[in-house]
Every structure is written in C-alpha cells, then in structure tokens.
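Peer 1: Be aware that the sequence shown starts at 11, since it is given in this note's numbering, and climbs by one per residue. Would you mind keeping the following structure in view while I ask a few things?
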Amino acid sequence: MDLKTKLHALVDKYDALIIFLVIECLALTAFSLADANIIFRYLGFLIAIVLIPFALMFTSKKEWLSLGLFSLPLIIIAFLTGFSTFTRDMGYGSLDNLSVVLGTLAFFFLGFAVRRVKKFKIDIALLTIGVAMALLVFLSLVYSLYQYGPFHVALYDGLVYYYDGRLFVVSEETKWLLGFSFVEMSTNYVTLFGTMLSTSLAGLLYVSPKNEPRKFYITLAIGLVGLLSIVLLPNLDALYLLIPVLIFALLYRFIRSREKVGVAVQYIFFALLGIAGIVLLITVLNAANISFLSNFIAGNSLLNRLFNTNRFVSPWNEVLKAMLTSQGFFGFPLTYIDGLVANTGAFEFEIIKEGGFLAFLALIAFILLVIFSMYRYSAKSKDASYIKIIILTLLIAVFLHGSFLWNTFPLTYTDDYYFSFFRSAPYLLILFIIGYAYYPLRGTPLINHEAIPSREGGEALSTSQFEKEEEIKL
11 MDLKTKLHAL
21 VDKYDALIIF
31 LVIECLALTA
41 FSLADANIIF
51 RYLGFLIAIV
61 LIPFALMFTS
71 KKEWLSLGLF
81 SLPLIIIAFL
91 TGFSTFTRDM
101 GYGSLDNLSV
111 VLGTLAFFFL
121 GFAVRRVKKF
131 KIDIALLTIG
141 VAMALLVFLS
151 LVYSLYQYGP
161 FHVALYDGLV
171 YYYDGRLFVV
181 SEETKWLLGF
191 SFVEMSTNYV
201 TLFGTMLSTS
211 LAGLLYVSPK
221 NEPRKFYITL
231 AIGLVGLLSI
241 VLLPNLDALY
251 LLIPVLIFAL
261 LYRFIRSREK
271 VGVAVQYIFF
281 ALLGIAGIVL
291 LITVLNAANI
301 SFLSNFIAGN
311 SLLNRLFNTN
321 RFVSPWNEVL
331 KAMLTSQGFF
341 GFPLTYIDGL
351 VANTGAFEFE
361 IIKEGGFLAF
371 LALIAFILLV
381 IFSMYRYSAK
391 SKDASYIKII
401 ILTLLIAVFL
411 HGSFLWNTFP
421 LTYTDDYYFS
431 FFRSAPYLLI
441 LFIIGYAYYP
451 LRGTPLINHE
461 AIPSREGGEA
471 LSTSQFEKEE
481 EIKL
C-alpha cells in the first residue's frame, strides 16, 4: 500500500472527527471561553497538524508555491507580533508568545486545509461561529441593559462618576463578559463583536424563509443580536462604519453586469490605493521631521489640519515619531510610553508598537494580497452566494472597525492591560476565513478540478485543467 492510498484511507476514516474538532475549536474561540486565547491558539495548532494529510492530497505543487508566497507576509507578522522588543518588555511569557506565532499560522492553515475535506460545510462553520459569538454578545447585552438601561450612551452623555478616586465617563463604557465575570469595557471594543455578527444579515439577501427556514431564522437571529448590541448603546461610529458594508452588500446582490462594474471597481481601487500610498509616505516623512516637508505642511492650514492636527492622524504621528526616535523597528520598548499609549484606533498602526516597522510593511502587503485573493474568490469560487457575501462583508466590516475604532486599553478601571488585535479571538477567526477563502492569484485550486476518491479507491480526476493556468487580470 503506497503513501497516497494510506492517506486516502486516513481521510475516509477520520474526516467526520476532524470536522467536529475544527467546528468545536471555532465555537470556543468565538465565545472566548474564559478569555483563554492562548489555549485556543495551541488547540488550533494541534488540529492543523492533523489536517496536513488533507492539504497534501488535494493541493498541487504550483498551488503550494502560490500559498507560500501569499503566506510570507503573514509569517513575518506572526513572528514579529510574537517575539519583539514590545513583547519582551510586556512580559507576556515564552509560551504565550510562541502561541501567537503558532496560532496565527495555524488558524490560517486550518481554513485552507479544512476546505479540502469533502464533508466540511462552510455555512455550518459560519453559523456555528455566529451562534457562539451571539451568545457572548447577548449575555453581555442583557447585563448591560440591566445595569445602564437602553441607549445609555446617548441618555447619559457627559455624565461622570468617581471610582477609587478617579473620574470615569458613563457614556464610554458598557458591560462585557470577560472570562467568567462581567467587567466595564469600552463601547468601541464591544461593538467589534456586534459588527461581526451584523454582517450575517447580508446573507439574508440570498436565503428564502420558505425554502430554507432554519438557515434563514438562525442567520436573522445572529444578525439582530449583533445589530441590537450596537443600536441599544448606541455607538454611532460603529453604525456609520456599517453603511459602506451595507452599500457593498446591496451592490453585490442586485447589480447584474458585474464584469463592467468589476472593471470600474478595479480602477477606483487602484486610484484609492495610490492616494493612500502617497498619504502614508507623506505621514512617515512628516513624522521623521524632514525639515522642508514639515515646514511646508505646517505653513499650509489645510495640510497642517490633514497631517498634524486631526484626530486620526495625530496619534499616528505619535507612534511613527516614537518608532523613529526609539529605533523601534522591532517593536516599542516601554520607555517610550507616549508612543505606546497613543490610541491610534487602527490595528495597522498598532502593529508598529508591537512588531515594528517591518511588521507594518508586512501587514500592508498581506492586506493587499488578501484583497486580490478575495476578488478571485468572489469571481471564481463555486461557493454559494450566501457564503460569499457573508465572508466578504465580514472581512470589510472587521477591516473598517479595526482601522478606526480599535481600542488597545478597553478596560475601564485599569490602563495597564494592553489588548492586542493580533492576540484577539476575532483575529484568529478572520485568519481562518481568509485561509478558507484563499484563492491563488494564478490558476485554480486543485480541489475545483480533482474529485475526492471514494472508499473503494477510485482514482481522482485528471488535473490537466489545473496546469493550464490563467493569469488574474488586474
């Protein structure tokens, strides 16, 4: 019996068990049971090892090469957010830091490999994640309503109270189930979970309550829990960020000539990408105190407002200046506390604190690769539209929320506990989804052409079609 036959036998024997373990791992991570993310990372790593035979059997050599190039920025991110000057000074511990490296790569690989399991259903996985996270959000919402009442952010705007000799603003906090107890938490942090759940409502555009009542009502319940958790505060910033997600979902569903729209979207995307690149370059040079540029910006009221004094760019400048003055190319030492506590609200700039400038560049590269991959996934994948629209809107929503509303110090009564986006449960879940939806920038995944062998040992279909690769037109 050759190796391939043994692998086929192993796949047929344990595929149901492996699917159960993957679903269970995703559910525990989504619910954030006991806030034990370190355990979930190691659990994901162990399950990823078990999934290696599936990946070996149903992935071609060319696809492995494409996956390796795609994963290279993520590997850099994993190591620099796990082991850096920042993590050393924060004293996370070797096991915790190692879990970040292994968990980051494992959850991405989990999504990639489990797609090769014939019996795996991504809609079941998405609903499981949604139900588990909805339970967490629902429990927190009920207790928050009991403590504050509905719409307390609007009703008690400006109201303050004192605790342990310190002043706190009522409208900036809510209750959240962290571990096994409820704590006072920043509304921006909490609404990330509500935002993720709300995107499931986009799936209702493709599900009929008559034909699939169970899927329809479960999806509706998940989405409503998420939306109500935002509205009943309310967090207006989080609601505003859902508007682009809603527009995307409606365009995706109702525009028929997607090819023409796709061309227009590509031009718009590259135009915005070019503008963002120029803005980023100017921001970095300005933070580096390049004299002629800094003086020119400071002397122009409009540019000064754009690059120095507005509420978004100001903390970015603090982080960039701290990086340049502290030689923080591998994360910030704690001595540069001003740069450390600057709340940028953007995970793209928070990674500079945690992993340094190289990690920042790797993250930008990875985001671009994900965008191209998701474009291919949307156009080429055989997944149902219900699945595609939930995955795409979820990624967009997390990206927007993480870029504007991420809070690294969300606990109300303590400011010495740093919440890293790259050590959070939502990050692991997003990596799993990116891994699942990964589509090579050239060619087609082998699983789209090769039939999974039966227990009787039937041979797979020829993969000659896969060898005839097509380049993505960008």
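Idealized CB from N, CA, C, for every residue including glycine.
From what residue to what residue does the beta strand (DSSP E) around Y173 run?
Peer 2: That run of the beta strand (DSSP E) goes 170 to 173.
Peer 1: Counting pairs of beta carbons, one from the stretch 370 to 389 and one from the stretch 415 to 429, are three or more of them closer than 8 angstroms?
Peer 2: As far as the Cβ criterion goes, the stretch 370 to 389 does not touch the stretch 415 to 429, which means the pair count is below three.
Peer 1: Answer yes if the stretch 442 to 452 comes into contact with the stretch 278 to 294, meaning at least three C-beta pairs across the two stretches below 8 angstroms, and no otherwise.
Peer 2: In short, these stretches do not touch, since the Cβ pair count stays below three.
Peer 1: Can you find a heavy atom of the ligand SAM that lies under 7 angstroms from the Cβ of N310?
Peer 2: With respect to small molecules bound, the structure shown includes none, and the ligand SAM cannot be examined in it.
Peer 1: In three-state DSSP terms, what is T319?
Peer 2: Three-state DSSP puts T319 in a helix.
Peer 1: Mind listing, in chain order, the continuous alpha helix (DSSP H) runs of no fewer than 4 residues lying wholly within the stretch 139 to 224?
Peer 2: If we require 4 residues or more, the alpha helix (DSSP H) runs fully inside the stretch 139 to 224 come out as 162 to 165, 197 to 208.
Peer 1: Could you tell me the alpha carbon to alpha carbon distance between T201 and V323, rounded to whole angstroms?
Peer 2: If I take the Cα positions, the gap works out to 23 angstroms.
Peer 1: Run the CB neighbour count on I288, radius 10 Å, all protein chains shown included, and call it buried at 16 or more, exposed below.
Peer 2: Counting Cβ neighbours within 10 Å, I288 comes out exposed, since fewer than 16 surround it.
Peer 1: Using 8 angstroms as the cut-off, can you tell me whether the stretch 55 to 64 makes contact with the stretch 25 to 34, which would need three or more C-beta pairs spanning the two stretches below that distance?
Peer 2: Contact between the stretch 55 to 64 and the stretch 25 to 34 is present, because at least three Cβ pairs lie under 8 angstroms.
Peer 1: According to the neighbour-count rule (16 or more other Cβ atoms, all chains shown, within 10 Å of its Cβ), is V124 buried or exposed?
Peer 2: So V124 counts as buried.
Peer 1: Can at least three beta-carbon pairs, one atom from the stretch 130 to 144 and one from the stretch 228 to 247, be found at a separation below 8 angstroms?
Peer 2: Yes, they touch.
Peer 1: Below 8 angstroms CB to CB, which residues in the same chain sit around I29 once its five sequence neighbours on both sides are set aside?
Peer 2: V124, V127, K129, F130.
Peer 1: Can you tell me which of the three DSSP states F68 falls into?
Peer 2: It is coil, neither helix nor strand.
Peer 1: Quick check on L441: buried or exposed, where buried means 16 or more other Cβ atoms within 10 Å of its Cβ?
Peer 2: Buried: at least 16 other Cβ atoms inside 10 Å.
Peer 1: Our contact map puts L137 next to I228 with C-beta atoms below 8 angstroms; I'd like the distance itself, whole angstroms only.
Peer 2: Between I228 and L137 the Cβ distance is about 6 angstroms, and since that is below 8 angstroms, they are a contact.
Peer 1: Kindly identify the DSSP beta-bridge partner or partners of G341.
Peer 2: Per DSSP, F339.
Peer 1: Got a sec, what are the start and stop residues for the alpha helix (DSSP H) G445 sits in?
Peer 2: Note, G445: alpha helix (DSSP H), 435 to 447.
Peer 1: Consult DSSP for P463 and reduce its assignment to one of helix, strand or coil.
Peer 2: In this prediction, P463 scores a pLDDT of 43, lower than 50, which makes its location untrustworthy; no coordinate-derived value is stated.
Peer 1: Under three-state DSSP, which class holds K23?
Peer 2: Helix, per DSSP.
Peer 1: With a threshold of 7 angstroms on Cβ separation, who are the neighbours of V217 within its own chain once the five nearest residues in sequence on each side are excluded?
Peer 2: Once the five neighbours on either side are set aside, the close Cβ partners of V217 are K225, F226, T229, Y396.
Peer 1: Looking only at its own chain, which residues have a Cβ that is under 7 angstroms from the Cβ of P244, when we skip the five neighbours before and after it?
Peer 2: These residues qualify, in order along the chain: F161, V163, A164.
Peer 1: Going by DSSP, what residue range makes up the alpha helix (DSSP H) through Y423?
Peer 2: Segment: none, Y423 is in no alpha helix (DSSP H) and carries neither H nor E.
Peer 1: Please return the same chain residues whose Cβ sits closer than 8 angstroms to the Cβ of Y158, not counting the five positions on each side in sequence.
Peer 2: The residues are Y166, V180, T184, K185.
Peer 1: Ignore the nearest five residues each way along the sequence and tell me which others in G92's own chain have a CB closer than 7 angstroms to its CB.
Peer 2: Only N107, L108, V110, V111 meet the Cβ criterion.
Peer 1: Cβ of V255 within 8 angstroms of Cβ of G204?
Peer 2: Against a cut-off of 8 angstroms, the Cβ pair of G204 and V255 comes out as no contact.
Peer 1: Return the Cβ separation of L84 and F118 in integer angstroms, given the expectation that the two are a contact with Cβ distance under 8 angstroms.
Peer 2: Contact flag correct, Cβ pair sits at about 6 angstroms.
Peer 1: Suppose contacts are defined by Cβ-Cβ distances below 8 angstroms. Is L116 in contact with R51 by that definition?
Peer 2: What sits at residue 116 in the sequence shown is Ala, not Leu. Cβ distance < 8 angstroms, so A116 and R51 count as in contact.
Peer 1: For P463, count neighbouring Cβ atoms within 10 angstroms of its own Cβ and tell me buried if that reaches 16, exposed if not.
Peer 2: Note that P463 has pLDDT 43, beneath the 50 cutoff, so the model's placement of it is unreliable and no number is given.
Peer 1: Return the chain-ordered list of same chain residues with a C-beta closer than 6 angstroms to the C-beta of G365, the five sequence neighbours on each side being excluded.
Peer 2: Once the five neighbours on either side are set aside, the close Cβ partners of G365 are L90, T91, S94, G341.
Peer 1: Kindly list the residues whose CB is nearer than 8 angstroms to the CB of S430, restricted to its own chain and excluding five residues on each side of it in sequence; keep chain order.
Peer 2: Here the set comprises T91, E360, E364, T418.
Peer 1: Please state if the CB of R263 and the CB of I443 are separated by a distance shorter than 8 angstroms.
Peer 2: Taking 8 angstroms as the Cβ cut-off, I443 and R263 do not qualify as a contacting pair.
Peer 1: For S239, which residues from the same chain have a beta carbon less than 6 angstroms from its beta carbon, with the 5 sequence-adjacent residues on both sides left out?
Peer 2: The residues are V147, L151, G204.
Peer 1: From L43 to Y156, what distance separates their C-alpha atoms?
Peer 2: For L43 and Y156, the distance between alpha carbons rounds to 22 angstroms.
Peer 1: Quick test of your reading: R452 and S76, contact by CB under 8 angstroms. State the CB separation rounded to the nearest angstrom.
Peer 2: Confirmed, Cβ separation roughly 6 angstroms.
Peer 1: Quick one: give me the first and last residue of the alpha helix (DSSP H) that A298 is part of.
Peer 2: From DSSP, A298 is part of no alpha helix (DSSP H); its letter is neither H nor E.
Peer 1: Using a Cβ-Cβ cutoff of less than 7 angstroms, which residues in the same chain neighbour N320 once the five nearest sequence positions on both sides are dropped?
Peer 2: Within the same chain, N320 has no close Cβ partners at all.
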